[in-house]
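Trainee:
In this note's numbering, the protein residues as written are 4 to 143.
This is how it looks when you write it as structure tokens:
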């Protein structure tokens, strides 16, 4: 949030109301505003919580065929602070990867098997993370 200066122009601040707007970014747990000046009755305002917490969504495709392009899916982040970086979690089949900038999971698997405890994680610019629920991918 940009620094804002308020002037009362000689008016009684107790009778006036000033509003400061903005979003608290993911990872920020307290926002503080110091109010200084003659006759000011309040010197600190505090707001707690992560208003725009980082979250991730997406629906994984759970099956594929060895040597055939994986149908793929895209994990999508919301909240937090951009830019986002996406990464794979777990041991994925060789040939499948994630685009670290877009969250698109794609490729052509070159091995068969059941690959459990897979996920996609996103990290925002403040190092907050979010991760899809674990799933199993079966490549036949």
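Ideal Cβ placement from N, Cα and C applies to all residues, glycine included.
Every value quoted in this text rests on a predicted model; they were computed, and no experiment measured them.
Is the separation between the beta-carbon of residue 121 and that of residue 67 shorter than 8 Å?
Mentor: Not closer than 8 Å, so no.
Trainee: Please state the DSSP three-state secondary structure of residue 120.
Mentor: Correct three-state label for residue 120: strand.
Trainee: Would you check if the distance between the CB atom of residue 115 and the CB atom of residue 90 is smaller than 8 Å?
Mentor: Cβ atoms of residue 115 and residue 90: not closer than 8 Å.
Trainee: Does DSSP put residue 71 in a helix, in a strand, or in coil?
Mentor: The answer is coil: DSSP assigns residue 71 none of H, G, I, E or B.
Trainee: On the CB-based measure, 16 or more other CB atoms within 10 Å of its CB, does residue 78 come out buried or exposed?
Mentor: Under this definition residue 78 is a buried residue.
Trainee: If we count the other Cβ atoms within 10 Å of its Cβ and call it buried at 16 or more, is residue 19 buried or exposed?
Mentor: Residue placement at residue 19 is flagged as unreliable, the pLDDT there being 42, under the threshold of 50; the coordinate-derived value follows with that caveat. Exposed, because fewer than 16 other Cβ atoms sit within 10 Å of the Cβ of residue 19.
Trainee: What does the Cβ neighbour count give for residue 123, buried or exposed, with the cut at 16 atoms within 10 Å?
Mentor: When all chains shown are included, residue 123 counts as buried.
Trainee: For a test of your reading of the model: does the CB of residue 64 fall under 7 Å from any non-hydrogen atom of the ligand FAD? Yes or no.
Mentor: Absence of the ligand FAD from the depicted structure is noted, as is the absence of any ligand whatsoever, leaving it without description.
Trainee: Is DSSP giving residue 114 helix, strand or coil here?
Mentor: Residue 114 falls in the coil class under three-state DSSP.
Trainee: Between which two residues does the beta strand (DSSP E) containing residue 82 stretch?
Mentor: Careful: residue 82 lies outside any beta strand (DSSP E) and carries neither H nor E.
Trainee: Rounded to the nearest angstrom, what separates residue 7 and residue 84 at their Cα positions?
Mentor: Annotation note: pLDDT 42 at residue 7 (below 50); position unreliable, coordinate value reported separately. Rounded to the nearest angstrom, the two C-alpha atoms are 22 Å apart.
Trainee: Return the chain-ordered list of same chain residues with a C-beta closer than 6 Å to the C-beta of residue 75, the five sequence neighbours on each side being excluded.
Mentor: The answer, listed in chain order, is 108 and 109.
Trainee: Give me the residue from 87, 57, 82 and 80 with the minimum Cα distance to residue 128.
Mentor: Ranking the options by Cα distance to residue 128, first place goes to 87.
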